[in-house]
Every structure is written in structure tokens, then in C-alpha cells.
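Scroll down for the structure; my scribbles are underneath it.
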Amino acid sequence: MLDVKLFHMKSFLPMPYEAALAPRLKRAHDMLQTGNGLGGEFTGWVHLPRDYDKAEFARIKTAADKICHDSKALVVIGIGGSYLGARGVIDCLCSPNYNLKKKDTPNIYFAGNGLSADALQEILDLVEDQDFSVNVISKSGTTTEPAVAFRFFRAALEKKYGKDGARSRIYATTDKARGALKSLADAEGWETFVVPDEVGGRFSVLTAVGLLPIAVAGVDIDELMAGAAEMMERCNDASFDCPAWRYAAIRYELYRSGRSVELLACYDPAFRFMLEWWKQLFGESEGKDDKGLFPASVEFTADLHSMGQYIQQGRRLMFETVVRLGASHSQLTVPADAHDGDGLNFLAGTSMDFIRDRAMEGTLLAHTEGGVPNIIVEADGKTPRALGQFIYFFEYACGLSGYLLDVNPFDQPGVEAYKKNMFALLGKPGYEDRRAELEAKLAQ
Ligand code: PA5
């Protein structure tokens, strides 16, 4: 089971702080459990691993099977919470090189997560000569980036298969009743999956949003949900035995003591998009009302050769949360060399995991001695069950953290500012006054 440990924390914080914080954590816990806190209408994810829609879950598996049989590629169109979780899980469990591997499952391409014409064209070219399907994902059904990308891929599907053929290759994951995507899907007869009303985008990876692409990649989604359910049970325990309590508490205390950046670190490149998922989860949930830790990420040991210098000796802004994934699937040992020209024979026969773990321990000590507090999150391996635990753990800790800060962890009003400006500058009807104002500013 996933666990949280503090590394030499006494030198950074007066201990113990638990007793003083416990009543506030209990209050936050009760608000999550009952949905009566700020944004409580979006706490459907809290009991999702138990209460998820079993009929829809079965439909997800059926659709994934169909896609595996009739497609060589699946284009997953979505942004933010409608993208990062699926990408994180697929990269972590199937490899960042998944598309290059020999396999029985389709390649998976992620589109609509930006506005780059080159990125879009590249995926259009890659799937052009293959049988492919599209999973367009947008809770609101109105987000510009995925909507624009979907126009291209829908046209490509209809050109290749005709309107009827395309119909059986488009899967829309969206609101059950509202939004342009839902209306289009109903009008065109596409299969739809639901993002439940009470689950916000960045908490939606364990709904059809993440589960359909993840299942297409061949990941056991029953195991993923079982892992999340195990952690949900653990989080019912309103005490410091719960790892989410310990993590939320220590990061809050570090924030109160003046730290402003949390660096999530891992030692596996396959974990990179889980770090991205985590950044969105905490950044959008906490960063409001002039509050919140800035979530950043580093991939070690690669980033020890770039960001390592700043972490060791730059401004003392941050603390680190280090994810340990445990034993690798591949047990490689360093080969011996008769000439030992590189002087590495002292490592001959040593496993890569052993070397990595010593690098990790050395880094923990160096960074701590350099004035950077470290928290360790020990995951239960790189399996669907462990990742299910990991996802729920961070979601629960994020909800607790938001309530400790007295912010609404489930809205994202700040995201609207760029959208309004973009629509105005693009000449969207209804934004005429703002357009004139912005163009005048740009001309200055
Ligand atoms: O967490 C959120 O709600 C956002 O990041 C959304 O996931 C993101 O903006 C995409 O929205 P939508 O799924 O409505 O297209």
C-alpha cells in the first residue's frame, strides 16, 4: 500500500504539529465526505471507486474491444483534465514509447491539447493510411482546442469511411445533457460516455474520460479501480494513519513556514505525464485567492544535471516530494569489462535499481542538507493497482489541501481570463467591445 514518509523533517519544522492541525484536517475530511464544503457539488470523485456506473464501465470495455479490433490507431482529443490522466497512466504502465512497441493494441495519439498546426498535421499524417477511431473528450463540450482538432479528425474520418462509417468510429465523452459536443453526438448518432456532473475535469481520470483510452491501451481498468477503492477505504480513516492526511498536513505546514514551490520528483521517465497530471490537479485546485503552492516537477536523475544546481543552492523557495516506485520490471545489472577503461568495474554485477536507489538516497541527503525539505511518497510498484492508489491518494490529499487553505478546490475561475481575450481577438460574436479594448492595448 502507498505510504508517505518524512525525511529528516525535524530540522525544518517544529514537531509535532499534528495535534494542532488535526481539527482542521477533520473538518476538511468531513467536507469531502459529505460534500458540504466549498464546491461540494464537485465531490463525486470521493466515492467514485465504489459508486461508479457499472453499466457504463462495461460499455467502456466493449468499446475498447471494438476499437482494438477495428483500428490500428486511436486519436484521443482533449485538454487539461480531459487528457493528462489518460496520458499519464498509459505512459507509466505501457511506456512513453508505447506507440513504437510491437503490440496487439492500437497506437494512441493525443491531439487537441494545444493550438499547434504542426502537431495537429503530424497526427493527421500518421493516421491517414491506417484504420483509426477518435475519442473526443470534453466535459463542457465547448473547449476551443479539442473542438478545433475534432473538426479536422472528424472530416478525415468522414472522408475515409463516409458519414456512416465514421459514425461507428467516433466516441464522445462529455456531459450527460449539456454542451455543443453532446448536441452534436446526439444529432450524429455517435456513441457517448458520460463525465458525471459531480466530477470536475482534473478529478475525472477514473471516469470514461481516462478509462476508455486506458482500456484501449490494454491496461486492466478493473485493477486500476480496485487500487483506487483500496485507497478510498484508507482515506475514510480520519487520522494521521491515512497517508493523504500526512501529506496534506506536512505540505500545508511547509507552505505556512514560507515555502512557495512544491517539486514533485520521480526517478522514472515513464512517470513524466503523471507529474503533469499532478501539476494540473494541485495547480488548478489550490492556486487562487493569492494562495497556493506552485506545483513544479523534475525527472531525476536527468534533471539533477539541469535543475539540480538550483535545487541545491538557489533561492530556498521549495520543498520536494519524491515518488519512489519500487523495483523496476527489468532487472538489469552492469556488465563487467576486462579492461575497465571507464573505471566502472566497481559496479559490475550491480543492478540498475541498486544504483538508482543510491542516487536517490544521496540526493535526498544532499538536498536536505542544502535546505530543501523532502517528503517521500512510496508507491506500491508500477502496476494498475498501485497507480489507482496513487491517483486517489493525490486527489484526496488535494481536496484536503484546498480546504486547509480555505479555497474552493473544485473551481478554476482563472482559466477563463485567457479564453475571453482569445475569443475577443478571434472576433467571436459577443466580444466586440473587448476586442477593441485589447487591440488598442496590443498596439501600444
Ligand atoms: O479541471 C478542469 O476542469 C479543466 O482543466 C478541464 O479539464 C479543461 O479545461 C478541459 O475542459 P473540458 O473537458 O470541458 O474540455
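Quick note on the numbering used here: the sequence shown kicks off at 1080 and runs consecutively.
Idealized CB from N, CA, C, for every residue including glycine.
None of these values were measured; they are calculated from a predicted model.
Whose C-alpha, out of the options, is nearest the C-alpha of residue i?
i     : options                       : result
A1458 : L1172, E1474 and L1404        : L1404
L1117 : C1321, V1154 and Q1491        : Q1491
G1280 : F1352, F1086, F1502 and G1164 : G1164
G1157 : A1142, C1171, A1190 and T1184 : A1190
F1425 : C1477, P1322 and A1415        : A1415
D1485 : S1247, A1098, K1084 and M1110 : M1110
Y1346 : E1378, E1267, V1413 and I1300 : E1378
V1494 : K1105, Q1359, A1308 and K1084 : Q1359
T1141 : P1292, L1504 and P1463        : P1292
I1187 : D1197, N1176 and K1105        : N1176
A1296 : P1348, K1218, V1273 and V1155 : V1155
V1288 : A1251, P1102 and A1256        : A1251
C1173 : N1453, P1348 and D1368        : P1348
Y1471 : G1509, C1314 and L1354        : C1314
A1134 : H1408, F1272, D1204 and Q1410 : F1272
F1319 : N1453, P1095 and F1086        : P1095
Q1209 : A1522, N1192 and A1235        : A1235
F1121 : A1503, F1469 and D1276        : D1276
D1382 : H1418, T1412, A1438 and A1406 : A1438
Quick check on the DSSP output: the alpha helix (DSSP H) that includes residue i runs from which residue to which?
i     : result
F1229 : T1223 to R1246
E1277 : Where E1277 is concerned, there is no enclosing alpha helix (DSSP H), given that its DSSP letter is neither H nor E.
K1140 : K1133 to D1149
V1168 : L1163 to C1173
G1387 : G1387 to Q1392
Q1359 : R1351 to E1365
Below 7 Å, is the gap between the Cβ of residue i and the nearest heavy atom of the ligand ADP?
i     : result
P1225 : Judged by which ligands are present, the ligand ADP is missing from the structure shown, whose ligands are the ligand PA5.
Identify every residue that forms a DSSP beta bridge with residue i.
i     : result
D1082 : E1457
N1214 : V1155 and Y1250
T1113 : T1113 pairs with nothing; no bridge assigned.
N1500 : DSSP lists no partner for N1500.
S1430 : T1412
L1343 : S1376 and T1400
F1469 : F1469 is not bridged to any residue.
E1270 : Y1250
T1122 : V1278
Let's see if you can read the secondary structure: which residues bound the beta strand (DSSP E) around residue i?
i     : result
R1403 : M1397 to R1403
A1417 : Taken as a continuous stretch (DSSP letters only), A1417 belongs to no beta strand (DSSP E), as it is neither H nor E.
Y1188 : N1186 to A1190
Taking Cβ to Cβ, would you say residue i is nearer than 8 Å to residue j?
i     : j     : result
M1080 : I1329 : no
G1441 : Q1391 : no
L1443 : V1401 : yes
G1160 : G1306 : no
A1259 : T1286 : no
V1451 : M1397 : yes
G1506 : R1514 : yes
L1194 : E1237 : no
A1228 : L1199 : yes
V1298 : V1168 : yes
L1290 : Y1334 : no
E1365 : S1480 : yes
D1537 : P1322 : The question about residue 1537 has no answer, for the chain in this structure spans 1080 to 1523.
L1127 : V1340 : no
F1232 : S1150 : no
L1423 : S1376 : no
V1215 : R1248 : no
A1327 : L1483 : yes
A1465 : E1399 : no
Problem - Sufficient close CB pairs (3 or more, under 8 Å) joining the segment 1167–1182 to the segment 1238–1255 - result: In the pairwise beta carbon analysis, the segment 1167–1182 is classified as not touching the segment 1238–1255: fewer than three pairs are separated by under 8 Å.
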